[in-house]
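This report refers to the structure that appears directly beneath it.
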Amino acid sequence: CMQFYCYMYRIGFVTQDDVLFPHLTVAETLSFSAQLRLPTQMLSREAKVERAKMVMAELGLQRCQDTIIGNQFLRGISGGERKRVCIGQEILTNPSLIFLDEPTSGLDSTTALRIIRLLQNIAHVRQYMLLRYHFFLHS
Numbered sequence: 382c383m384q385f386y387c388y389m390y391r392i393g394f395v396t397q398d399d400v401l402f403p404h405l406t407v408a409e410t411l412s413f414s415a416q417l418r419l420p421t422q423m424l425s426r427e428a429k430v431e432r433a434k435m436v437m438a439e440l441g442l443q444r445c446q447d448t449i450i451g452n453q454f455l456r457g458i459s460g461g462e463r464k465r466v467c468i469g470q471e472i473l474t475n476p477s478l479i480f481l482d483e484p485t486s487g488l489d490s491t492t493a494l495r496i497i498r499l500l501q502n503i504a505h506v507r508q509y510m511l512l513r514y515h516f517f518l519h520s
């Protein structure tokens, strides 16, 4: 099966820029993504919501699950939490391979390290990951 739809659920892609609805909460964002992206014929609505809750737990997002995403005009979750929500949207489908474009871009060094460790843990448990990021060395 060489058509695109055969690979649709096997590959995930996390963009450098976080593309999220600012007025939805973390739980609503992941549940909405699960409703849209998980196959209807295989999972009920309740099973999709449960899958979203499992992903939130895996990514340590339970504490902020009822907080809105926010944007530059609307206060919401932190940058590290935003990045974890974006990663969560992709691991909902349990892909075999995840591409991440500069997953630490715009994050401070402590948060960036937490994201890298989180990705390392996910890679050990479930998926292969391909990361693209830049290192700038100061002399």
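So our numbering is basically just the index in the sequence shown, starting at one, shifted up by 381. From the three backbone atoms N, C-alpha and C, an ideal C-beta is built for every residue, glycine too.
Legend entry - Segment limits, alpha helix (DSSP H) that includes residue 436: 426 to 439
Inset, instruction - May I ask you to check if the CB of residue 500 is nearer than 7 Å to at least one heavy atom of the ligand NAP? - result: In the structure on display, the ligand NAP does not appear, and there are no ligands present to speak of.
Inset, instruction - Could you tell me if residue 437 is buried or exposed, where buried requires 16 or more neighbouring beta carbons within 10 angstroms of its beta carbon? - result: buried
Legend entry - Endpoints, the alpha helix (DSSP H) within which residue 455 is located: That residue, residue 455, is in no alpha helix (DSSP H); it is neither H nor E in DSSP.
Legend entry - Alpha carbon of residue 459 to alpha carbon of residue 509, nearest angstrom: 26 Å
Legend entry - Contacts around residue 478, its chain only, beta-carbon distance under 6 Å, and the 5 residues preceding and following it disregarded: 392 and 509
Legend entry - Secondary structure of residue 394, DSSP reduced to three states: Residue state, collapsed to three classes: strand.
Inset, instruction - Report yes or no: do three or more beta-carbon pairs, one from the region 396 to 406 and one from the region 452 to 467, lie closer than 8 Å? - result: yes
Inset, instruction - Using 10 angstroms around the beta-carbon of residue 521, count the other beta-carbons present and answer buried if the total reaches 16, otherwise exposed. - result: Outside the shown range of the chain (382 to 520) lies residue 521, about which nothing can therefore be said.
Inset, instruction - Might you give, ordered along the chain, the residues of its own chain that have their beta carbon closer than 8 Å to the beta carbon of residue 511, omitting 5 neighbours on each side? - result: Sequence-distant Cβ neighbours of residue 511 in its own chain, meaning closer than 8 Å and more than five residues away, are 478, 479, 480 and 481.
Inset, instruction - Could you spell out where the alpha helix (DSSP H) holding residue 413 opens and where it closes? - result: 407 to 418
Legend entry - Opening and closing residue of the alpha helix (DSSP H) in which residue 503 lies: 490 to 506
Inset, instruction - Could you tell me if residue 443 is buried or exposed, where buried requires 16 or more neighbouring beta carbons within 10 angstroms of its beta carbon? - result: exposed
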